[in-house]
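S.K.: Residue numbers (our numbering), protein chains in the order written: chain A, 1 to 309; chain B, 1001 to 1286.
All C-beta atoms, glycine included, are put in the ideal place defined by N, C-alpha and C.
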Amino acid sequence: MPQVSTANPLLAGASTRKYRTREDLIRFVLFLCAFLSILTTLSIIAILAWEAYSFFREVGVFDFLSGTRWTPLLEPRSFGVLPLVAGTAQIVVGASLIAIPVGLASAIYLAEFASAKVRRVLKPVLEILAGIPTVVYGYFALTFVTPLIAAVFPSTQIFNAASASIVVGIMVLPMTASLCDDALRAVPESLRQGAFALGATQFEVTLRVVLPAALSGVMASFVLAASRAIGETMAVTLAAGATPKMTLDPLQSIQTMTAYIVQVSLGDTPVGTVEYQTIFAVAALLFTITLGMNVIAHRVLARFREVYE
Amino acid sequence: MRSDRLRRRHATTKCFRLLCAAVAWAGIVILAVLLFHVSREGIRWLDLQFLTEFPSRFPEQAGIKSALWGTVWLIILTAGISIPVGVAAAIYLEEFSPKNRLSQLIEVNIGNLAGVPSIVYGILGLVLFVRFLALGRSVLAGSLTMTLLILPVIIIAAREALRAVPDSIRQAAFALGATRWQAVRAQVLPVALPGILTGVILAMSRAIGETAPLVMIGALTYVAFVPEGPMDAFTALPIQIFNWASRPQENFHQLAAAGIIVLLVTLLLMNATAVWIRQRAERTGR
């Protein structure tokens, strides 16, 4: 954007000066609104750091990060966060198993095969899927997916990681598909045409030329999807249960970091106690993990954009 | 021999294409199954009484009056705060900001904020608004929390709309002696308005469906009154749905489904409006 000086030296009369002060004032107000985002980030970091600090004066950081028993609300109390991390990891892996292949295949169809007409139908459907509130997915998991799984595997518990993973996978699917679609469409048409000219079929062009060229964008979309799945709250609270434990069996009840935070905030744990303070420690861990993943993904995406523009 | 191989390669393409198409259309199937399941479960409970009664221990008498009004309050306050602030931030970043490190930092920061889990915003709202500013578990505290949550969404959408305005329009305004703000207010904003509106509506529909931050700041699950001011306690539609869905009784699950129908119809209407605005703007041509 060209920088146009608002002060024309030929017209530097009283009215121009008036305009300049007004202009500066407006500019300052607009700046404050933009700066609010920095304040938001700083407040999040400050609050989490402060509250987690007072928690870690009672419980060792190492005990927290490496302990394998999480029973902060029951005697004997134990503050090992690994069961919550394992529960979250189980949901993320399960959700990725759905969202990554389905999202990528949908994106390939949209970007490489589908006609403009089909795109006009499919894109809005994906947007609608993305816009459905997570509490609705939670309800869907509990009343539709779980009975379905239980019909196949009778040992399924009412609350289980599998059904939560499935709906979280459906939930992050639109985002994965649309980010992959962006990445594939950013690949210059000349690459495809070159490959076709050499006699490659559409399949070979897609898999050997377009996909490798879009790989960093595709990978970044996977990271963003996983980060979204980690932060997902209502569906896992409703469907995955409230039993922090380390298990590989997806049919059992588990608890994720987010679901634990909800459980405490719904309960009557007195504010200010170590038990209550756990939610800040868990939230700090959650924030650190998701922020790290987002920063990495955005770096990759930014670099990727530069290459083809 | 050679044509055999060629045929195989083309067959592979065909299979691959079919596979990708099937997977992509599966999204529609999932959406249909979800909508069908919810309507089948909930339609029985959906009547006028459901909309005009307060929640109750008895499923037959339960309704969503307080939740509906809570959501209306929440959205009006959230829109009133977040739209001006969000659009102003977008205008600054797109039209005014010098290309320096601070602007770059703000930009990267907004991208990252959009990826912060909503429950973390809930914790921010709990500590900052409910406790520190002593707003209590009020509609205002809920709206401020929601505002922080959807600001990145509004800013990103509004910036895209502003960026789509051709530079020639700005140049013409400057050439006639307009200041930057005059150019933005009188020329750029009107052109960008449909795009901004679309983004704003989508952000609002996100706010309507968000549950986790409201649970965190302590929106009540049982409210038998309608909020009368911004400092009143409140509940909201997704909270009520969550509350009913987390009970073991079948009847409450069906009530949750009825609540979901109301929620989804609201969201659908909002999305349809957004699409309509977008298409109208495209037709009239910029």
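Name the two residues that bound the continuous alpha helix (DSSP H) containing proline 1213 (chain B).
M.R.: Counted from its first residue, the second sequence places residue 1213 (chain B) at position 213. First-last of the alpha helix (DSSP H) with proline 1213 (chain B): 1212 to 1217.
S.K.: Can you pull out the residues from the segment 251 to 274 of chain A whose beta carbon lies closer than 7 Å to at least one beta carbon of chain B?
M.R.: Thr258, Ile261, Val262, Ser265 and Leu266
S.K.: To the nearest angstrom, report how far apart leucine 1268 (chain B) and leucine 1202 (chain B) are at their CA atoms.
M.R.: Taking the first residue of the second sequence as position 1, residue 1268 (chain B) is located at position 268. Taking the first residue of the second sequence as position 1, residue 1202 (chain B) is located at position 202. Their Cα atoms are separated by approximately 10 Å.
S.K.: Between which two residues does the alpha helix (DSSP H) carrying leucine 1288 (chain B) extend?
M.R.: It is not possible to answer for residue 1288 (chain B), since the shown part of chain B is limited to 1001 through 1286.
S.K.: Using a Cβ cut-off of 8 Å, pull out every chain A residue sitting near tryptophan 1181 (chain B), in sequence order please.
M.R.: The residue given as residue 1181 (chain B) occupies position 181 in the second sequence. What tryptophan 1181 (chain B) touches in chain A: Arg22, Glu23, Ile26 and Arg27.
S.K.: Can you confirm whether isoleucine 47 (chain A), when its beta carbon is compared against all beta carbons of chain B, has any partner nearer than 7 Å?
M.R.: Indexing the first sequence from 1 puts residue 47 (chain A) at position 47. So, interface residue.
S.K.: How close, in whole Å, do the beta carbons of threonine 1211 (chain B) and proline 1238 (chain B) come, if the pair is a contact with beta carbons under 8 Å?
M.R.: Counting from one through the second sequence, the residue named residue 1211 (chain B) turns up at place 211. Counting from one through the second sequence, the residue named residue 1238 (chain B) turns up at place 238. Your pair threonine 1211 (chain B) and proline 1238 (chain B) checks out as a contact, with CB atoms roughly 4 Å apart and the cut at 8 Å.
S.K.: Could you give the uninterrupted runs of the alpha helix (DSSP H) lying entirely in the segment 179 to 203 of chain A, keeping only those of 4 residues or more?
M.R.: Segments of the alpha helix (DSSP H) lying fully in the segment 179 to 203 of chain A: 189 to 197.
S.K.: Short of 7 Å in beta carbon distance, which residues of its chain neighbour alanine 226 (chain A), apart from the five on each side in sequence? Order them along the chain.
M.R.: Here residue 226 (chain A) refers to the residue found at position 226 of the first sequence. Val92, Ser96 and Met293, listed in sequence order.
S.K.: Since tryptophan 70 (chain A) sits in a beta bridge, which residues does DSSP pair it with?
M.R.: Here residue 70 (chain A) refers to the residue found at position 70 when the first sequence is read from its first residue. Looking at the DSSP assignment, tryptophan 70 (chain A) forms a beta bridge with A:Phe79.
S.K.: If you follow the alpha helix (DSSP H) that glutamine 1171 (chain B) is in, where does it begin and where does it stop?
M.R.: For the purposes of this step, residue 1171 (chain B) is identified with residue 171 of the second sequence, where counting begins at 1. Note, glutamine 1171 (chain B): alpha helix (DSSP H), 1167 to 1175.
S.K.: Taking a contact to mean a Cβ-Cβ separation below 7 Å, would you say valine 1038 (chain B) touches alanine 1257 (chain B) in this structure?
M.R.: Counting from one through the second sequence, the residue named residue 1038 (chain B) turns up at place 38. Counting from one through the second sequence, the residue named residue 1257 (chain B) turns up at place 257. Taking 7 Å as the Cβ cut-off, valine 1038 (chain B) and alanine 1257 (chain B) qualify as a contacting pair.
S.K.: Taking all protein chains shown into account, do 16 or more other C-beta atoms lie within 10 angstroms of the C-beta of cysteine 1015 (chain B), making it buried, or fewer, making it exposed?
M.R.: To locate residue 1015 (chain B), count along the second sequence from 1; it is residue 15. Its Cβ having fewer than 16 others within 10 Å, cysteine 1015 (chain B) is exposed.
S.K.: From the DSSP output, read off the bridge partner residues of alanine 1233 (chain B).
M.R.: Position 233 of the second sequence, counted from the start, is the residue given in the question as residue 1233 (chain B). BP columns for alanine 1233 (chain B) point to B:Ser1138.
S.K.: Which residues in the same chain have their Cβ closer than 6 Å to the Cβ of glutamine 263 (chain A), if we skip the five residues on either side of it in sequence?
M.R.: Taking the first residue of the first sequence as 1, we reach residue 263 (chain A) at position 263. Only Ala242 meet the Cβ criterion.
S.K.: By Cβ distance, which residues of its chain are closer than 7 Å to phenylalanine 196 (chain A), with the 5 residues on each side in sequence left out?
M.R.: Mapped onto the first sequence, residue 196 (chain A) falls at position 196. Same-chain partners within the cutoff: Val205.
S.K.: Just the chain A side, please: which residues come within less than 8 Å of serine 1118 (chain B) by C-beta, in chain order?
M.R.: Here residue 1118 (chain B) refers to the residue found at position 118 when the second sequence is read from its first residue. Simply Gly231 and Thr233.
S.K.: With 7 Å set as the bound, which would you pick, yes or no: does the beta-carbon of phenylalanine 304 (chain A) sit closer than that to a beta-carbon of chain B?
M.R.: Looking up residue 304 (chain A) in the first sequence gives position 304. The C-beta of phenylalanine 304 (chain A) comes no closer than 7 Å to any C-beta of chain B.
S.K.: Let me know if phenylalanine 1036 (chain B) comes out buried or exposed under the rule of 16 or more other beta-carbons within 10 Å of its beta-carbon.
M.R.: Translated into the one-based positions of the second sequence, residue 1036 (chain B) becomes position 36. When all chains shown are included, phenylalanine 1036 (chain B) counts as exposed.
S.K.: CB-CB under 7 Å to valine 172 (chain A), same chain, minus the five flanking residues each way: which ones, in chain order?
M.R.: For the purposes of this step, residue 172 (chain A) is identified with residue 172 of the first sequence, where counting begins at 1. Cβ neighbours of valine 172 (chain A) beyond the five flanking positions: Ala95, Ala99, Ala225, Arg228 and Ala229.
S.K.: Roughly how many angstroms separate the alpha carbons of serine 165 (chain A) and leucine 104 (chain A), rounded to a whole number?
M.R.: In the first sequence, counting from the first residue as 1, residue 165 (chain A) sits at position 165. In the first sequence, counting from the first residue as 1, residue 104 (chain A) sits at position 104. Using only the alpha carbons, I get a separation of about 18 Å.
S.K.: If you draw a straight line from the C-alpha of leucine 266 (chain A) to the C-alpha of phenylalanine 1225 (chain B), how long is it?
M.R.: In the first sequence, counting from the first residue as 1, residue 266 (chain A) sits at position 266. In the second sequence, counting from the first residue as 1, residue 1225 (chain B) sits at position 225. Taking the straight line joining both Cα atoms gives about 20 Å.
S.K.: Looking at C-alpha atoms only, which residue of B:Ser1082, B:Val1023 and B:Ala1062 is the closest neighbour of serine 37 (chain A)?
M.R.: Here residue 37 (chain A) is taken as the residue at index 37 of the first sequence, counted from 1. Closest option to serine 37 (chain A), Cα to Cα, is B:Ser1082.
S.K.: Pair every Cβ in the segment 1060 to 1074 of chain B with every Cβ in the segment 1180 to 1199 of chain B, then say whether three or more of these pairs are closer than 8 Å.
M.R.: Not touching, per the Cβ criterion.
S.K.: Does arginine 1044 (chain B) get closer than 7 Å to chain A when you measure Cβ to Cβ?
M.R.: The sequence position of residue 1044 (chain B) within the second sequence is 44, counting from 1. Chain A contact via Cβ: absent.
S.K.: Hey, out of B:Leu1151, B:Thr1198 and B:Thr1013, whose CA is closest to alanine 1281 (chain B)'s CA?
M.R.: Numbered from 1 along the second sequence, position 281 holds the residue referred to as residue 1281 (chain B). Taking only the C-alpha atoms, the option nearest alanine 1281 (chain B) is B:Thr1198.
S.K.: Within 10 Å of its beta-carbon, does leucine 10 (chain A) have 16 or more other beta-carbons around it, so buried, or fewer, so exposed?
M.R.: What you label residue 10 (chain A) is simply residue 10 of the first sequence in a count that begins at 1. Legend: pLDDT at leucine 10 (chain A) = 49, less than 50; position of this residue unreliable, value from coordinates given subsequently. Exposed is the label assigned to leucine 10 (chain A), since fewer than 16 other Cβ atoms lie within 10 Å of its Cβ.
S.K.: Against chain B, with Cβ distances strictly below 7 Å, would phenylalanine 153 (chain A) count as a contact?
M.R.: For the purposes of this step, residue 153 (chain A) is taken as residue 153 along the first sequence, with counting starting at 1. Answer no: the Cβ-Cβ gap between phenylalanine 153 (chain A) and chain B never drops below 7 Å.
S.K.: Taking alanine 283 (chain A) as the query, report the chain B residues whose CB atoms sit under 8 Å from its CB, ordered along the chain.
M.R.: Sequence index remark: in the first sequence, residue 283 (chain A) carries index 283 (1-based). Ordered by position in chain B, the residues that pass the 8 Å Cβ test against alanine 283 (chain A) are Ile1119, Val1120 and Ile1123.
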